[in-house]
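Read through the structure below, which is laid out as structure tokens, and then see the notes.
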Amino acid sequence: ERYQLWGGCFEEEPSSVLRRLNDSLPVDFRLFHEDIRGSQAWAHELHRSGHLSDDDYYAIENGLREVEKEIEEELYKNGKLNDTEEDIHSVVERRLCKHAGDAALRLHTARSRNDQSASDVRLWMLNSTGRLYATLKELIQVLVNRAEKEINIIVPGYTHLQRAQPVRWSQFLLSYLWLFRDDIIRLEEQRTRLSRCPLGSGAIAGCALSIDRKKLAHHLGFDDITPNSMFAVGSRDYIVEFLNWSSLCGSHLSRLAEDLIIYGSREFGFISFSDQFSTGSSLMPQKRNPDGLELVRGASGLLLGDSLAFSCVLKGLPSTYNKDLQSDKELLFRSYDKLTDCLKVMTGTVATMQVNSERALQSLEPGMLATDLAHLLVRRGVPFRRAHHYVGMALRRATALGVNIRELPHQEYSAICSDFGTEADLQTVFSWETSVEQYTSTGGTAKSAVEEQLILLNSWLRNH
Ligand code: ARG
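Here the sequence shown stands for residues 4 to 467, numbered as in UniProt numbering.
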């Protein structure tokens, strides 16, 4: 007997163009492991609760294993499945008929593709987000390693891309580390909502057979079950959360990419990229381009677009399952793949780039210590607002005389405010090292404060 998944009450075949729009196998074949896991668990529960005979259960169980092997081999050989069925669920069931005979006709008892596909995707995400943690952690580890090794390097810090204050290179690196650490925490927080099994929700109304949904869910590795059948088949909030998350993580990557591209330009020259993570020009032989970082920066736009696209699909849908929801997988897989590649390219780029600390030092200018001069006055009791103004006056004088504030003669300072002190007092301010070492409070750029961050991050890494 060869039954289609549906079609009993139809007289004609669907039009070929509808088939093309409707078929999701080219996308959802990636769920075949999860689909088979889900079917095994479903058969197991039907059998346990007395709805499937021993013989049928064993036939299905063995058959599913055959189907899995067969699909694995075909995907390995061809990279795709040539079945004519519309989706992976239909493919697995159809192939099972070959191996399990009539027992296969009992597998879909009380199940719908609505609860089945939602369960498959949730399972896939539970596994895949585990791989994403690992990928993100590699990036974090590479940043930690650099931050530890290069803690003595001082670079110009920028606000508005204008030279602001000297900071430790490690402080800059760690600023990204904290972003990525929060990304991991955010992803973990989604897990409680993701790890609920919809199986047993049927198409919309639930399951009319006595099965134990909790047992089934735990069997599959879910923490919990969905609490309402209509919610279970209609909600894709876990996809929305993931896509939003990806676009946020992507924007962190984009920002880092942009900083590194700028720092890698000849005009800045703080870093240079390895051959492995640079590309050349077909015309200009001298070119070394940071294409990898540019692709990462661009990808963050694509991730944001996909996230928005799916929210647009959901907006205005009536409740429960509608075929619009089928696009969830295309966007999910695409974002997941893109983000994974971007994380890996970023990790490789950061791990292999060279830092030119000399060049960074040369880019520091005494004007970046103006804030420290104001703090010198504050320590002598001058109100900050007044101190700010005095230092501003000194800067104006220096510009008028064509010198920098380190070269401004001492009497010019004394004329503005006697609290600037002696020439020697003033000169103590003009040291990059002294400057950064003032920022000792938690989160600051002094060595001790940076080391404190490293201790926290390392212990977090060990416990994760
Ligand atoms: N391929 C479909 C999807 O991924 C499976 C669910 C189909 N259900 C239905 N009632 N047409 O969304």
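Just so you know, even glycine gets a beta-carbon here, dropped at the ideal spot from N, CA and C.
Boundaries (first-last residue) of the alpha helix (DSSP H) holding residue i
i: T355; result: 330 to 355
i: A106; result: Per DSSP, A106 belongs to no alpha helix (DSSP H) and is neither H nor E.
i: V30; result: 28 to 31
i: Q165; result: Not the alpha helix (DSSP H): Q165 falls in the beta strand (DSSP E), residues 165 to 171.
i: C252; result: 240 to 267
i: I458; result: 450 to 465
i: E436; result: 435 to 440
i: I207; result: Neither: I207 is in no alpha helix (DSSP H) and is coded neither H nor E.
i: W45; result: 35 to 51
i: A113; result: Segment: none, A113 is in no alpha helix (DSSP H) and carries neither H nor E.
i: C315; result: 294 to 317
i: T374; result: 373 to 382
i: R400; result: 387 to 404
i: L24; result: 19 to 25
i: S417; result: 413 to 419
i: L67; result: 57 to 81
i: R362; result: 360 to 365
i: Q430; result: 426 to 432
Own chain residues within Cβ distance below 6 Å of residue i, not counting five before or after
i: E440; result: A449
i: L367; result: P159, P169, W435
i: G209; result: S232
i: L335; result: I242
Whole-angstrom C-beta distance between residue j and residue i, which should lie under 8 Å
i: C252; j: D186; result: 5 Å
i: R399; j: E415; result: No, R399 and E415 are not in contact; Cβ-Cβ is about 10 Å, not under 8 Å.
i: S438; j: M356; result: The Cβ separation is near 26 Å, so there is no contact.
i: V147; j: L457; result: 7 Å
i: M371; j: A167; result: 7 Å
i: D331; j: R269; result: In fact, because the Cβ distance is near 45 Å, the residues do not count as touching under 8 Å.
i: S198; j: D215; result: About 18 Å; that fails the 8 Å criterion.
i: A260; j: R300; result: 4 Å
i: L108; j: G66; result: Actually they are not in contact, since the Cβ atoms of L108 and G66 sit about 12 Å apart, beyond 8 Å.
i: E89; j: N25; result: 6 Å
Span of the beta strand (DSSP E), counted from its first residue to its last, around residue i
i: A211; result: Per DSSP, A211 belongs to no beta strand (DSSP E) and is neither H nor E.
i: T162; result: 157 to 162
Proximal residues to residue i (C-beta, below 7 Å), its chain only, five neighbours per side dropped
i: S310; result: L246, N247, S249, S250
i: R337; result: D309
i: M396; result: I419
i: Q329; result: S27
i: A121; result: P201, A235, V236
i: A211; result: A113
i: S42; result: L67, V95, L110
Nearest candidate by alpha-carbon position, reference residue i, set the options
i: residue 471; options: L364, G424, Y393; result: Residue 471 lies beyond the range of the chain shown here (4 to 467); nothing can be said about it.
i: D38; options: K80, T132, M128, E192; result: M128
i: I157; options: E361, L376, S204, R97; result: E361
i: V348; options: R97, D327, T138; result: T138
i: H36; options: L320, R68, L376; result: R68
i: H255; options: L177, H111, E96; result: L177
i: G424; options: I74, L380, L34; result: L380
i: T195; options: F175, H163, Y241; result: Y241
i: H79; options: G205, R33, I265; result: Looking at the sequence shown, residue 79 is not His but Tyr. Answer by Cα proximity: R33.
i: S173; options: P386, V358, G405, V94; result: V358
i: Q144; options: D123, L180, R116; result: L180
i: P369; options: D422, F433, L334; result: F433
i: I274; options: S281, Y266, T229; result: Y266
i: G10; options: S93, Q165, S417; result: S93
Contacts around residue i, its chain only, beta-carbon distance under 8 Å, and the 5 residues preceding and following it disregarded
i: H391; result: A377
i: L142; result: F183, L346, M349, T350, V353
i: Y442; result: T448, A449, A452
i: N407; result: E368, P369, G370, A401
i: Q165; result: none
Minimum Cβ-Cβ distance from residue i to chain C less than 8 Å
i: Y266; result: You won't find chain C in this structure, because it holds only one protein chain.
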